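2 protein chains.
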Amino acid sequence: MLKDIIDNSENYQPGLSIDCVIFGFHDNQLKVLLIKVERANKWSLPGGFIPVDQDIDTAAITVLNSRTGVEGVFLRQFATFGKVNRNHQHFDKKALEYFQIEEEKAKWLTRRFVTIGYYALVDFSKILPNLLGRNEVVEWIDHKEVPELILDHREILDKALDTLRIELNLMPIGYNLLPEKFTIPELQKLYETILDKKLDRRNFLRKITNIGILTKLDEKKSNVAHKAPNLYSFDKEKYDEVLKNGLNQGW
Amino acid sequence: MLKDIIDNSENYQPGLSIDCVIFGFHDNQLKVLLIKVERANKWSLPGGFIPVDQDIDTAAITVLNSRTGVEGVFLRQFATFGKVNRNHQHFDKKALEYFQIEEEKAKWLTRRFVTIGYYALVDFSKILPNLLGRNEVVEWIDHKEVPELILDHREILDKALDTLRIELNLMPIGYNLLPEKFTIPELQKLYETILDKKLDRRNFLRKITNIGILTKLDEKKSNVAHKAPNLYSFDKEKYDEVLKNGLNQGW
DNA sequence: GATTAATGTGTTATTATGACGCAATGTAAT
DNA sequence: ATTACATTGCGTCATAATAACACATTAATC
Numbered sequence: 001m002l003k004d005i006i007d008n009s010e011n012y013q014p015g016l017s018i019d020c021v022i023f024g025f026h027d028n029q030l031k032v033l034l035i036k037v038e039r040a041n042k043w044s045l046p047g048g049f050i051p052v053d054q055d056i057d058t059a060a061i062t063v064l065n066s067r068t069g070v071e072g073v074f075l076r077q078f079a080t081f082g083k084v085n086r087n088h089q090h091f092d093k094k095a096l097e098y099f100q101i102e103e104e105k106a107k108w109l110t111r112r113f114v115t116i117g118y119y120a121l122v123d124f125s126k127i128l129p130n131l132l133g134r135n136e137v138v139e140w141i142d143h144k145e146v147p148e149l150i151l152d153h154r155e156i157l158d159k160a161l162d163t164l165r166i167e168l169n170l171m172p173i174g175y176n177l178l179p180e181k182f183t184i185p186e187l188q189k190l191y192e193t194i195l196d197k198k199l200d201r202r203n204f205l206r207k208i209t210n211i212g213i214l215t216k217l218d219e220k221k222s223n224v225a226h227k228a229p230n231l232y233s234f235d236k237e238k239y240d241e242v243l244k245n246g247l248n249q250g251w
Numbered sequence: 001m002l003k004d005i006i007d008n009s010e011n012y013q014p015g016l017s018i019d020c021v022i023f024g025f026h027d028n029q030l031k032v033l034l035i036k037v038e039r040a041n042k043w044s045l046p047g048g049f050i051p052v053d054q055d056i057d058t059a060a061i062t063v064l065n066s067r068t069g070v071e072g073v074f075l076r077q078f079a080t081f082g083k084v085n086r087n088h089q090h091f092d093k094k095a096l097e098y099f100q101i102e103e104e105k106a107k108w109l110t111r112r113f114v115t116i117g118y119y120a121l122v123d124f125s126k127i128l129p130n131l132l133g134r135n136e137v138v139e140w141i142d143h144k145e146v147p148e149l150i151l152d153h154r155e156i157l158d159k160a161l162d163t164l165r166i167e168l169n170l171m172p173i174g175y176n177l178l179p180e181k182f183t184i185p186e187l188q189k190l191y192e193t194i195l196d197k198k199l200d201r202r203n204f205l206r207k208i209t210n211i212g213i214l215t216k217l218d219e220k221k222s223n224v225a226h227k228a229p230n231l232y233s234f235d236k237e238k239y240d241e242v243l244k245n246g247l248n249q250g251w
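So this is what it looks like as structure tokens:
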């Protein structure tokens, strides 16, 4: 894998990579898709290199698809990271031996890499990270329990979440994170989880319905304790319209 | 200049550049600092390359300083641009001859360059773009009259302005764009110019003063037609506090 | 000194927000 | 079957923010 890239390094943008923060929502938790890096005993954001014949956005989609298998999801560039020492000694002698990379070609890898951060919102239920046939451990991890990450991936993850929190005020969220049919309490939990903040049930309902992107279905959620909540779906047309025009006008 | 960089290309991050959208405010107009590219008869955003021993943020500051001479201004990364063909044929044979760059070394230049966009807000009155001793034409141009730009610089400029418009709702603006003492109508014109939208005088005053970042001075603007408006300054301490915490909470 | 074109201050109606109350519903315990 | 209970659905009220507008004040100009 990595060796293939190194051996064809002229086909890839040098010193530049992509890292994706892939968010999902499950069990009322905000999950992040992470990859176990065995040799370092740490975890990593799914990332990749940029073929010289691909737009960076396209390369980001490729990374996302190769890890999640889903297409057409919400994917947005949020920041680029380029501290001088960000990948200093990341590929040390041990690692190069592990990947069977010759010393001469290793130079391509060991230089400072600038990485472009993208975050994605995906439907947890449609993704089976462990069934991708790759020889690696990919897992959904609760964002509150993210273990130590390699390099500056923690910083990248934090920045992605910060961006998501800000964008929550500028656009609707949920279409990409929830199944087709969902309940208002579920949507509220999603907002509360992202914002890490309790919201008032009744005020939330009013505010979210006033946006005009929800369709109330003639159907209730089954197999639930206590009163069965109504099911809703997004009105994709209106949703996209609001996505385009934004929510808060401010000034 | 360029030749120096090419001759020492190993000291620069390959295929990666920085472009700065430098905003100023003068005569009730939002100005952008642009550079005339004689050989192409087009204009360009001030940009530069990234030394391998500099953080990208540091490199951006360097670009900004070298063009404006000012330090400590507002500078923020807003997006990274990397379409495959974005600099296709930008350095053609003619250009390479012009810069006296050998064909062999030109390869470093002619590959696809990904560029990291930064925007800056600077005090127009403190900057004298033409007195920097460089052998190039640098000019403040009204953003509404920006001529044809090289490459995708138009796209970069537009994205910068979009970002600025959005951030106007999230943070206070003005400290970096206005002189130390200013009037409320001036500040309002700044907002109106950035947003390209008329605002109500009285509502603007109320809203802007409620933020609590302004200090009303015991001084009026002199030499003006009609009633002399009061002068204000920013309360830097409170300004920075609001900058950090943000304006609109939204949810 | 009147005119003029701005600025400074205030009012009102409307809308949005935050903090609650209470009835309705479906599951689980008695 | 009846009751308890947790959760949903719908509504109220006080307060704050916003939009639209009226009028007095000021300083240069005629």
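One line per chain: the protein sequences are V and Z, in this order. Start counting the first sequence at 1; every next residue gets the next number (full-length UniProt numbering). Start counting the second sequence at 1; every next residue gets the next number (full-length UniProt numbering). Virtual Cβ for every residue (Gly too), placed ideally from N, Cα, C. Quick caveat: nothing in here was measured; it's all calculated off a predicted structure.
Between Glu136/V and Lys36/V, the CB-CB gap stays under 8 angstroms.
Two segments are said to touch when three or more pairs of C-beta atoms, one from each, lie closer than 8 angstroms; by this definition the segment 182 to 195 of chain V does not touch the segment 52 to 71 of chain V.
Beta-bridge partners of Val37/Z (DSSP): Lys42/Z.
One Cα belongs to Lys238/Z, the other to Ile211/Z, and the distance between them is close to 9 angstroms.
Between Gly15/Z and Leu16/V, the C-beta spacing is below 8 angstroms.
Residues of chain Z whose Cβ lies closer than 8 angstroms to the Cβ of Gly15/V are, in chain order, Gln13, Pro14, Gly15, Leu16.
When DSSP assignments are scanned along the UniProt domain "NrtR DNA-binding winged helix" (174 to 234) of chain V, the uninterrupted stretches of alpha helix (DSSP H) that are 4 or more residues long and fall wholly within it turn out to be 184 to 195, 201 to 210.
With its beta carbon at least 8 angstroms from every one in chain Z, Gln188/V lies outside the interface. Selection Asn245/V, Asn11/V, Thr80/V, Ala40/V evaluated against Ile213/V yields Asn245/V as nearest (Cα-Cα). Note on geometry: alpha-carbon atoms of Asp218/V and Gly72/V lie some 28 angstroms from one another. The criterion of a C-beta distance shorter than 8 angstroms is not satisfied by Leu231/V and Phe25/V. Along the segment 36 to 102 of chain V, the beta strand (DSSP E) occurs as fully enclosed runs of 3 or more residues at 42 to 44, 47 to 51, 74 to 81, listed in sequence order. In this structure, the straight-line span from the alpha carbon of Phe113/V to that of Arg86/V is close to 7 angstroms.
Here Tyr12/V really is in contact with Ile50/V; their C-beta atoms are around 6 angstroms apart, less than 8 angstroms.
Glu186/Z counts as buried, since at least 16 other C-beta atoms from the protein chains shown sit within 10 angstroms of its C-beta. The bridge partners DSSP lists for Glu237/Z come to none.
Nearest to Gly48/Z by C-alpha distance, out of Ser222/Z, Ile6/Z, Tyr175/Z, is Ile6/Z. Assignment of beta-bridge partners to His153/Z by DSSP yields no partner.
Here Leu121/Z is buried: its Cβ has 16 or more other Cβ atoms, across all protein chains shown, within 10 Å. Sorting Gln249/Z, Val32/Z, Phe234/Z by C-alpha distance to the C-alpha of Val138/Z places Val32/Z at the top.
When the five nearest sequence neighbours on each side are left out, the beta carbons in the same chain lying within less than 8 angstroms of the beta carbon of Gln54/V are those of Thr62, in order along the chain. Contact between Leu157/V and Ile194/V fails: their C-beta atoms lie close to 13 angstroms from each other, not under 8 angstroms. With contacts defined as CB atoms closer than 8 angstroms, Asn169/Z and Asn223/Z fail to qualify as a contacting pair.
For Leu121/V, the enclosing beta strand (DSSP E) has its first and last residue at 114 to 121. Residues of chain V whose Cβ lies closer than 9 angstroms to the Cβ of Asp53/Z are, in chain order, Val84, Arg112.
A Cβ-Cβ separation of about 4 angstroms places Ala160/V in contact with Tyr119/V under the 8 angstroms criterion. Listed along chain V, the residues sitting closer than 7 angstroms to Leu195/Z by beta-carbon distance are Trp251. Taking a 10 Å sphere around the C-beta of Ala228/V, we find fewer than 16 other C-beta atoms and assign the residue as exposed. Inter-residue distance for Ile150/Z and Pro147/V is about 45 angstroms (C-alpha atoms, whole angstroms). Per DSSP, reduced to three states, the secondary structure at Val32/V is strand. Across the structure, Ala95/Z and Trp43/V are spaced so that their CA atoms are roughly 46 angstroms apart.
Taking a C-beta cut-off of 8 angstroms against chain Z, the contacting residues of the segment 145 to 169 of chain V are Ile166, Leu168, Asn169, listed in chain order. At a C-beta separation below 7 angstroms, Tyr191/Z has these neighbours in chain V: Trp251. In this structure, Gly82/V keeps its C-beta atom at 8 angstroms or more from the C-beta atom of Val21/V.
As DSSP reads the structure, Leu128/Z sits in no beta bridge.
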